[in-house]
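Notes follow the structure.
Residue numbers (the UniProt record's numbering): 1 to 494.
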């Protein structure tokens, strides 16, 4: 008889969880057809990734060679000439530049001085005045043509200088784009207060790691504003520019294709639509970290546990599909406010990625790191590859909304903060008017008490109405012999 383990599914195939796949946006049949259609592409991507290192990256076995400029093929209808880019630049430079030294060299080569050039130009003008029939000396004609060509070239030089000055002025007016070293914008050293815009152009699209922190702190200038003008100043600033990183500014993230590690932290709203679209397009992405700046806030009735301290993973391997999201990566408003690992958002991101390039049938992520995210099991059943996923690391403020792993993911390691378990604090409601009392202490012990009826209670005589505990006879005798005028304290207690 087969055991229970052999009866359980070994992969998260669509047929293994039909109820969950019917609950998707496009349905079970669509994703079956999509997987069949993408089977060859998925196999090709996996084959390229599984290649050994020396076949994936061709290294130079021989001595290092000086890199040459790439050749540009220039074809004309008369001939098929191949000219290198460096040679083209040299030819254009030679044909474009003509310096004063070239002009003087040309004059010295013809044996003509400046005075002779001037003399021959005057003779040429006089001969022209006498009429076209009079013949001019060939030397004068030659010198006149040389003068004309020389001054034409000089005017061309001045024109080029003016154009160069205009180009420099235009370049100075353009905004300066910073450059980042390879150790910047990495998961270990992320770009803080990332603003997007022109900064995306400074990040090479062939990067293998990328780390961004999109939290925008409140400007310090607001602290100097008077109390009466705080609200007015805040409204003016809000009208001028956004206070948090806009969602559409995350769209250029989908232009990367070689990422292996991606880290986006400090989020004040959900950017899952672009983060997971980039995760689908980067078919070799191995580590993804999503970090929220604030923890989720749940409404009454949703007493989901935080993944910390004594939390334990649900031992089940399959339950009914659940969904608490909006399709944009956030919780339903009736549930609460916070980031939600949204299976519908992952599905939309996959559809957009399939329209842009090659994708896998399942995400290539090996390590998923989450901070301040509400999670359940459905995204892992649908979109994560059980053959590749190795670790799920829950950092601070993650919430369990029905999280479990299927049987084929039983070897995935789950990490969460265990050392921050807080002690349980018990409390009860009190009524100070009825429970507040005035007590009298003698020798550090309570000897009498009366109900508190106001400040005058502190001046009343408090009888010794507290029974004395059963002690030895000697101790009772000593207490009787003790001076009654000893140190006595009066206080208030509950």
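For glycine and all other residues, C-beta sits at the position ideal for the given N, C-alpha and C.
- Taking the Cβ atoms as the reference, residue 41 lies roughly 15 angstroms from residue 31, outside the contact range of under 8 angstroms.
- Taking 7 angstroms as the cut-off, the Cβ atoms of residue 396 and residue 305 do not count as close.
- Annotated as distal: residue 200 and residue 244, with beta-carbon spacing of 7 angstroms or more.
- In this structure, DSSP gives residue 254 a helical state, which the three-state scheme calls helix.
- One Cα belongs to residue 259, the other to residue 219, and the distance between them is close to 33 angstroms.
- If only uninterrupted alpha helix (DSSP H) runs of at least 4 residues are considered, those enclosed by the segment 13 to 54 are 18 to 22, 27 to 37 and 39 to 50.
- In this structure, the straight-line span from the alpha carbon of residue 377 to that of residue 356 is close to 28 angstroms.
- Under the three-state reduction of DSSP, residue 352 is assigned to helix.
- If you draw a straight line from the Cα of residue 392 to the Cα of residue 363, it is about 14 angstroms long.
- In the DSSP annotation of this structure, the continuous segment of the beta strand (DSSP E) that includes residue 451 starts and ends at 445 to 451.
- Note: residue 267 is bridge-paired with 292 in the DSSP secondary-structure output.
- The C-alpha of residue 436 lies about 10 angstroms from the C-alpha of residue 454.
- Secondary-structure assignment with DSSP links residue 274 through no beta bridge to anything.
- Ranked by Cα distance from residue 313, the options 375, 348 and 352 are led by 375.
- DSSP places residue 458 outside any beta strand (DSSP E), giving it a letter other than H or E.
- Around the CB of residue 181, fewer than 16 other CB atoms lie within 10 Å, so the residue is classed as exposed.
- Residue range 378 to 383 is occupied by the alpha helix (DSSP H) that includes residue 381.
- Look at residue 325 here: in three-state DSSP terms it is strand.
- In this structure, the straight-line span from the alpha carbon of residue 45 to that of residue 287 is close to 18 angstroms.
- In the DSSP annotation of this structure, residue 359 is not part of any beta strand (DSSP E), being labelled neither H nor E.
- When 296, 452, 403 and 198 are compared, the shortest CA-CA separation from residue 434 is found for 452.
- Around the C-beta of residue 333, fewer than 16 other C-beta atoms lie within 10 Å, and the residue is accordingly described as exposed.
- Out of 27, 294, 443 and 438, the CA that lies nearest to the CA of residue 460 is found in 438.
- Taking 8 angstroms as the upper bound for CB-CB distance, residue 300 and residue 281 are not in contact here, some 41 angstroms apart.
- DSSP places residue 248 within a helical segment (H, G or I) once states are collapsed to three.
- Looking at the DSSP output, residue 391 sits in a beta bridge with 367 and 413.
- Residues of the same chain with a CB within less than 7 angstroms of the CB of residue 277, apart from the 5 flanking positions on each side, are 254, 349, 352 and 353 in chain order.
- Here DSSP, grouped into helix, strand and coil, assigns residue 406 to coil.
- Here residue 301 carries a coil assignment [DSSP, helix/strand/coil].
- If you look at residue 438, you'll find it in the beta strand (DSSP E) that goes 437 to 442.
- Judged by DSSP in its simplified three-state form, residue 281 adopts helix.
- For the pair residue 211 and residue 242, the CB atoms are not nearer than the 7 angstroms cut-off.
- Scanning 13, 275, 307 and 283 for the CA closest to the CA of residue 415 turns up 307.
- For the 7 angstroms CB-CB criterion, residue 274 and residue 250 form a contact.
- In the three-state reduction of the DSSP assignment, residue 336 falls in the strand class, which pools E and B.
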